[in-house]
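So the structure is just underneath, and the comments pick up after that.
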Amino acid sequence: MKKNVVAAGLILAMASGAALAQMKPDVMVKQRQAAMSLIGKYWGPIAGMASGKVSPYNADVVARNATYLENLAQMPWDGFHDSTKNEKSRALPDVWGQNAKFVELANRLQTETAKLAQSARARDEAGVKAQFGAVGKVCGACHEGFRAK
Amino acid sequence: MLLLWSGLAAAQGDAKRGAYLAKAGGCLGCHTESKDGATPYAGGRALKTPFGTFFGPNLTPHPEAGIGRWSEQDFVRALREGVRPDGAHYFPAFPYPSFTRIVDADLRDLFAYLKSLPPSNRANQPHDLNFPFGWRWLVWFWKFLFFTPGPYAADPALSAALNRGAYLTNALGHCGECHTPRNFLGGPKMSRFLGGAKLAEGAGASSLRSEGVKKTSDKDLKDFLQTAMTPDGDVAAESMAEVVRNTTGQLTPQDLDALVAYLRSLPTLPDEAK
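The structure is reproduced here in structure tokens:
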């Protein structure tokens, strides 16, 4: 019984923002940057193949990468915690100042990468080629106003 | 007879060449609404600046809404001198300080291309400018300070490729309009030409003559200008990504080579004091 209470307490603590707030801001910045770097790692080959710059098109690699991306696209956002506002990074103050717009783009990245992954897993090359531009545009739109050059 | 025909064609401009020049000039960006399915060149894109918001006008040959009633001479004067057919000054949001360097033959081809577009009746939107920048006659003073009209003259000391690169960068491509910083009057700071600038809307335009560019390989630079991506998968901000889609990604391999060679030939600027 006691064990259950402890476990329930632990889960509650993790589920609430309390666990995050205790995390050091500089660590959160590193983690969100790591997620972004990995997004770049798996995005590069997809963009290369979808745009025809890299050939031949490898549907297996695209399917694997797109699935990774779909998951990675969910990861950076809780790292933009209020406590990280003053940490040194390329994130611009508008991440917090214009937060609604930032959150909207973060959500859009998740829906667009999910669509990409769906086409990629269905081995639908034309679908991937049609969708990759939509994903790229979300990346660029967010880098525009929310990231220093 | 053939001679006469080709003479006439030259006098009227070559629409097909003009189509390529319009891409190299990036006309589409400001002269098309930024929504899906917008009519190309029918105008409507909002350009936010510290002086207010400008709306790109309709460039299609519609007689009322567009430039259907313009003569070739009107068009040449607009780009070379920054003057409307009725004699009023254009605001320099229209980058005529760059376009003035486009040579006559290219201007004629551009005009022929625009005349070949399907006319759109999309009405122009008035600019929304902050006081007192809405006073058009003030532009006369701006031009007096910052504007030197005249087409690009090839530098005989430079190779043909470098001259072509300079022409693409500074006349058609108007790269400096964003990548050269401006003073409080919106005039370019020529001592920091192509040295990178803060933009009104977002983060800023990076230096085209920094150590960073010098250290990037030709292949990576060209890949970036064709795909808007760096080798590690990082994606450029959307305003540059759009330039890549509409302009640099559409250049012929020779022109892209020339552009990169020209940027490499510029001496590195020291970092600006912060």
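Chains as they are written, first to last, in my numbering: chain P, 1 to 149; chain X, 1001 to 1274.
Glycine is no exception: its CB is placed at the ideal position from the N, C-alpha and C atoms.
Checking 8 Å against the spacing of the C-beta atoms, do X:Lys-1214 and X:Val-1260 come in under that value?
no
Proximity of X:Gly-1025 and X:Leu-1172 at Cβ, strictly below 8 Å
yes
Tell me, please, whether the CB atom of P:Ala-100 is closer than 8 Å to any CB atom in chain X?
no
Span separating the alpha-carbon of X:Ala-1161 from that of X:Asp-1106
18 Å
Burial state of P:Leu-116, where buried means 16 or more other Cβ atoms lie within 10 Å:
buried
Should X:Gly-1007 be flagged as near chain P, meaning a C-beta pair shorter than 8 Å?
Residue confidence for X:Gly-1007 is low, a pLDDT of 49 falling below 50, so the modelled location carries little weight; the figure read from the coordinates is stated next. So, not an interface residue.
Bounding residues of the alpha helix (DSSP H) (the contiguous stretch that carries P:Gly-44)
25 to 50
Applying the criterion that 16 or more other CB atoms from any shown protein chain within 10 Å of the CB defines a buried residue, is P:Gln-131 buried or exposed?
buried
On the CB-based measure, 16 or more other CB atoms within 10 Å of its CB, does X:Gly-1018 come out buried or exposed?
buried
Length-filtered (4 minimum) alpha helix (DSSP H) runs lying within the segment 1032 to 1089 of chain X
1072 to 1081
For P:Val-54, report the span of its alpha helix (DSSP H) as first-last.
Careful: P:Val-54 lies outside any alpha helix (DSSP H) and carries neither H nor E.
Enumerate in chain order the residues of its own chain whose CB-to-CB distance from P:Met-36 is below 6 Å, with the five nearest sequence positions on each side excluded.
Pro-76
If you draw a straight line from the alpha carbon of X:Arg-1164 to that of P:Asp-78, how long is it in whole angstroms?
48 Å
Report yes or no: do three or more beta-carbon pairs, one from the segment 133 to 140 of chain P and one from the segment 1082 to 1096 of chain X, lie closer than 8 Å?
no
Going by beta-carbon coordinates alone, are X:Gly-1195 and X:Arg-1182 separated by less than 8 Å?
no
With 16 other Cβ atoms within 10 Å as the buried cut-off, status of X:Trp-1070:
buried
Is the Cβ of P:Trp-96 closer than 8 Å to any Cβ of chain X?
no
X:His-1062: which of X:Asn-1124, X:Ala-1154 and X:Phe-1131 sits nearest, CA to CA?
X:Asn-1124
Using the Cβ count rule (16 or more neighbours within 10 Å means buried), how would you classify X:Gly-1044?
buried
Helix, strand or coil: which one does DSSP assign to X:Pro-1119?
coil
Report yes or no: is there a C-beta of chain X within less than 8 Å of the C-beta of P:Ala-144?
In the sequence as presented, Ala is not what sits at residue 144 of chain P; that position holds Glu. Chain X, which has a Cβ nearer than 8 Å to the Cβ of P:Glu-144, makes this yes.
Using only the alpha-carbon positions, how far apart do X:Met-1001 and P:Gly-44 sit?
Residue placement at X:Met-1001 cannot be trusted, given a pLDDT of 43 that sits under 50; the coordinates are not used to answer.
Rounded to whole angstroms, what is the Cα-Cα separation between X:Ser-1265 and X:Arg-1245?
25 Å
Once you ignore the five residues that flank X:Trp-1142 on each side, which residues in its own chain have a CB closer than 8 Å to its CB?
Pro-1092, Leu-1185, Gly-1186 and Gly-1187
Does the beta-carbon of P:Gly-145 have 16 or more other beta-carbons within 10 angstroms, so that it is buried, or is it exposed?
buried
Sequence-distant residues of its chain with Cβ nearer than 6 Å to P:Ile-39 (five each side left out):
Leu-72
Within its chain, find whatever has a CB closer than 6 Å to the CB of X:Phe-1147; leave out the 5 residues flanking it on each side and keep chain order.
Pro-1097
Using the Cα positions of X:Gly-1227 and P:Lys-129, report the straight-line distance between them to the nearest angstrom.
Inspection of the sequence shows that residue 1227 of chain X is occupied by Thr rather than by Gly. So the alpha carbons of these two residues sit roughly 14 Å apart.
Exposure label - X:Phe-1131; buried when at least 16 CB within 10 Å
exposed
Contact check, X:Ala-1205 vs X:Cys-1178, beta carbons under 8 Å
yes
X:Val-1235: contacting residues in chain P (beta-carbon distance under 7 Å):
Gly-136, Cys-139, Gly-140 and His-143
Can the beta-carbon of X:Tyr-1090 be found less than 8 Å from the beta-carbon of X:Thr-1060?
no
Pick from X:Ala-1197, X:Phe-1094 and X:Asp-1155 that is closest to X:Asp-1271, judged by C-alpha positions:
X:Ala-1197
Give the DSSP bridge partners of X:Met-1229, in chain order.
X:Val-1235
Residue environment, P:Arg-90, which counts as buried when at least 16 other CB atoms sit within 10 Å
exposed
DSSP bridge partner residues for P:Arg-147 (one or two, in chain order):
P:Ala-91
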